[in-house]
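Asks:
Number of protein chains: 2
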Amino acid sequence: MKVKDIAEAAGVNPDTVRFYTRENLLKPTRNPDNNYQQFDAEDLRRLKFARKARQLGLSLPEIRQILEQADDHHSPCPMVRDVFQHRLEEVEREIRELQQLRKRMTAALAAWQDMPDGTPDGHTICRLIEHWDDPAPCCDADEQSKG
Amino acid sequence: MKVKDIAEAAGVNPDTVRFYTRENLLKPTRNPDNNYQQFDAEDLRRLKFARKARQLGLSLPEIRQILEQADDHHSPCPMVRDVFQHRLEEVEREIRELQQLRKRMTAALAAWQDMPDGTPDGHTICRLIEHWDDPAPCCDADEQSKG
DNA sequence: TAAAACCTGTGAGCAACTCACAGGTCAAAG
DNA sequence: CTTTGACCTGTGAGTTGCTCACAGGTTTTA
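Read top to bottom, the protein sequences are chains A and B. Here the first sequence stands for residues 142 to 288, where the numbers follow this note's numbering. Here the second sequence stands for residues 142 to 288, where the numbers follow this note's numbering.
#1: Please list, in chain order, the chain B residues whose beta carbon lies closer than 9 Å to that of residue 159 of chain A.
#2: Opposite residue 171 of chain B in the DSSP bridges: which residues?
#3: My output table needs one value for residue 153 of chain B: the three-state DSSP class, helix, strand or coil.
#4: Work out the CA separation of residue 165 of chain B and residue 206 of chain B for me, nearest whole Å.
#5: Within its chain, find whatever has a CB closer than 8 Å to the CB of residue 143 of chain B; leave out the 5 residues flanking it on each side and keep chain order.
#6: Could you tell me which of A:210, A:153, A:202, A:172 sits nearest to residue 188 of chain A, measuring between CA atoms?
#7: Looking only at C-alpha atoms, which of B:175, B:204, B:254, B:222 sits nearest to residue 289 of chain B?
#8: I want to verify the contact list: residues of chain A whose CB lies under 7 Å from the CB of residue 163 of chain B, in sequence order.
#9: For residue 142 of chain B, which of helix, strand or coil comes out of DSSP?
#10: Quick one, which residues of the segment 218-234 of chain A are near chain B if we go by CB-CB under 8 Å, in chain order?
#11: Just the chain A side, please: which residues come within less than 8 Å of residue 236 of chain B by C-beta, in chain order?
#12: Determine the chain A residues that contact residue 246 of chain B at a beta-carbon separation under 8 Å, and present them in chain order.
#13: Would you grab the beta carbon distance between residue 225 of chain A and residue 271 of chain B for me? Rounded to a whole angstrom, and I think it's under 8 Å.
#14: How would you write the range of the alpha helix (DSSP H) that residue 227 of chain B sits in, first residue to last?
#15: Alpha carbon to alpha carbon, how far is residue 247 of chain B from residue 301 of chain A? Give it in angstroms, no decimals.
#16: Quick check on residue 190 of chain A - is its C-beta less than 8 Å from some C-beta in chain B?
#17: Does DSSP put residue 164 of chain A in a helix, in a strand, or in coil?
#18: Return the CA-CA distance between residue 278 of chain A and residue 251 of chain B, expressed in angstroms with no decimal places.
#19: How about residue 229 of chain A and residue 243 of chain B: do their beta carbons lie closer than 8 Å?
#20: Grab the span of the alpha helix (DSSP H) containing residue 199 of chain A for me, first residue to last.
#21: Tell whether a beta-carbon distance below 8 Å holds between residue 128 of chain B and residue 151 of chain B.
#22: Within 8 Å of any Cβ in chain B, is that where the Cβ of residue 167 of chain A sits?
#23: Is it right to say residue 182 of chain B is buried, meaning 16 or more other beta carbons lie within 10 angstroms of its own, or is it exposed?
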């Protein structure tokens with residue numbers, strides 16, 4: 142299989158295949174005649190695996206780690222369970238934050254029905270947004286102090 | 142006000158101030174003596190506005206557009222309403238997708254309680270993930286069990 | 001007067017691709 | 001047998017919104 146073949150088989154962009162190869166998630170052999178990359182069924186499995194893991198929110202370094210463990214004949218599954226558990230917590234946090242945001246946005250849109258447009262007068266840029274309260278202060282007090 | 146002053150007043154990283162200046166969201170004057178940037182109360186309003194808009198999910202180009210409309214003495218608010226409506230739809234879509242994901246993850250974690258770890262055998266990398274079904278292809282029959 | 005803190009602009013790094021470019025290779029058509 | 005077009009190669013840049021690093025100039029503090 143050449144790049145385009147494996148890409149089609151996995152339903153991804155050929156550039157993604159090249160990118161994953163660059164990132165050492167795939168390790169194709171080379172055709173000595175023309176230096177083309179040769180992928181086999183195992184590579185396809187790895188690629189499909191990587192895509193599924195990406196859909197679950199795993200990062201490429203995490204996926205690479207899993208693949209390398211598998212290469213070393215260690216079972217990566219316990220690790221996957223851990224990563225998964227962690228990722229689930231993240232997902233639930235993201236859901237909570239987005240629900241907060243949605244709530245505030247719908248409330249704002251409703252309130253704005255009754256507000257004048259407020260052409261800027263040197264003091265106000267857009268009162269629609271300036272009158273927006275800051276988000277819940279609870280656990281994100283120092284979000285800008287560290288990256 | 143110098144960079145650090147306005148940054149502190151708005152609660153952001155000084156590098157963010159410099160970045161916004163580079164991006165033409167802020168247009169400080171210059172002290173001719175030392176070429177330092179001088180920000181005033183209007184700049185602070187713009188910066189705070191930009192931060193609030195970012196919290197709402199507006200992009201920097203969108204924010205710049207709003208600020209430029211305000212500079213031209215046009216009311217940006219109707220535009221803000223449109224952008225907002227659009228953004229709200231995005232947020233709701235994101236919430237739906239994350240809820241789908243959470244559902245699948247919790248189901249998977251429960252199912253994995255009963256699955257063997259499955260040391261890789263040349264055919265399988267990690268059955269925990271390989272047995273994960275592909276996500277719903279389209280507008281899945283929904284359930285919103287969460288509020 | 002020297003050290004610390006702050007200023008300047010620019011360039012790189014992050015994540016995970018995606019696209020562009022320039023040149024090499026191959027299969028089929030003329 | 002040559003041309004055409006699709007595919008291959010590697011590398012570098014663009015995306016988004018910052019954040020950090022660097023090297024050198026300025027101001028403040030001790």
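Where a beta carbon is used, it is the ideal one built from N, C-alpha and C, also for glycine.
Replies: The short version:
#1: Here the question's residue 159 of chain A lines up with position 18 in the first sequence. Contact note: residue 159 of chain A does not reach chain B at a C-beta cutoff of 9 Å; the least C-beta distance is about 21 Å.
#2: Locating residue 171 of chain B in the second sequence gives position 30, counting from the first residue. For residue 171 of chain B, which the question treats as bridged, DSSP gives the partners B:178.
#3: Your numbering for residue 153 of chain B matches position 12 in the second sequence. Residue 153 of chain B: coil per DSSP, three-state reduction.
#4: Numbered from 1 along the second sequence, position 65 holds the residue referred to as residue 206 of chain B. Numbered from 1 along the second sequence, position 24 holds the residue referred to as residue 165 of chain B. One alpha carbon belongs to residue 206 of chain B, the other to residue 165 of chain B, and they sit about 11 Å apart.
#5: Working through the second sequence from its first residue, we reach residue 143 of chain B at position 2. Close CB contacts of residue 143 of chain B within its chain, under the 8 Å cut and outside five residues either way in sequence, are with 177, 178, 179, 180 (chain order).
#6: Here residue 188 of chain A refers to the residue found at position 47 of the first sequence. For residue 188 of chain A, the nearest C-alpha among the options comes from A:153.
#7: Because residue 289 of chain B is not part of the residues shown, which for chain B are 142 to 288, the question remains open.
#8: Position 22 of the second sequence, counted from the start, is the residue given in the question as residue 163 of chain B. By Cβ distance, chain A contributes nothing, its closest Cβ being about 18 Å from residue 163 of chain B, past 7 Å.
#9: Mapped onto the second sequence, residue 142 of chain B falls at position 1. Looking at residue 142 of chain B - three-state DSSP - the assignment turns out to be coil, as it is neither helix nor strand.
#10: Identification of residues in the segment 218-234 of chain A having a C-beta nearer than 8 Å to some C-beta of chain B yields 218, 219, 221, 222, 225, 226, 228, 229, 232, 233, given in sequence order.
#11: Within the second sequence, numbered from 1, the residue matching residue 236 of chain B stands at position 95. Close to residue 236 of chain B, with beta-carbon spacing below 8 Å, are these residues of chain A in chain order: 236, 239, 240, 243.
#12: On the second sequence, position 105 is the one that residue 246 of chain B refers to. Neighbours of residue 246 of chain B on chain A, chain order: 197, 225, 228, 229, 232.
#13: To locate residue 225 of chain A, count along the first sequence from 1; it is residue 84. To locate residue 271 of chain B, count along the second sequence from 1; it is residue 130. Rounded to whole angstroms, the Cβ separation of residue 225 of chain A and residue 271 of chain B is 14 Å, and the two are not in contact under 8 Å.
#14: Reading the second sequence from its first residue, position 86 is the one you call residue 227 of chain B. Its alpha helix (DSSP H) spans residues 218-253.
#15: Given that chain A is displayed from residue 142 to residue 288, the structure contains no residue 301 of chain A and the question cannot be resolved.
#16: One-based indexing of the first sequence puts residue 190 of chain A at position 49. Cβ-Cβ to chain B under 8 Å: yes for residue 190 of chain A.
#17: Here residue 164 of chain A is taken as the residue at index 23 of the first sequence, counted from 1. Correct three-state label for residue 164 of chain A: coil.
#18: Within the first sequence, numbered from 1, the residue matching residue 278 of chain A stands at position 137. Within the second sequence, numbered from 1, the residue matching residue 251 of chain B stands at position 110. Note that residue 278 of chain A has pLDDT 42, beneath the 50 cutoff, so the model's placement of it is unreliable and no number is given.
#19: Within the first sequence, the letter at position 88 stands for residue 229 of chain A. Within the second sequence, the letter at position 102 stands for residue 243 of chain B. Yes. Within cutoff.
#20: Taking the first residue of the first sequence as position 1, residue 199 of chain A is located at position 58. Looking at the DSSP string, residue 199 of chain A is not in any alpha helix (DSSP H), and its letter there is neither H nor E.
#21: Outside the displayed span of chain B (142 to 288) sits residue 128 of chain B, for which this structure offers no information.
#22: On the first sequence, residue 167 of chain A is found 26 positions in, with the first residue counted as 1. Proximity of residue 167 of chain A to chain B, defined by a Cβ-Cβ separation below 8 Å, is not satisfied.
#23: One-based indexing of the second sequence puts residue 182 of chain B at position 41. By the 10 Å Cβ count, residue 182 of chain B comes out exposed.
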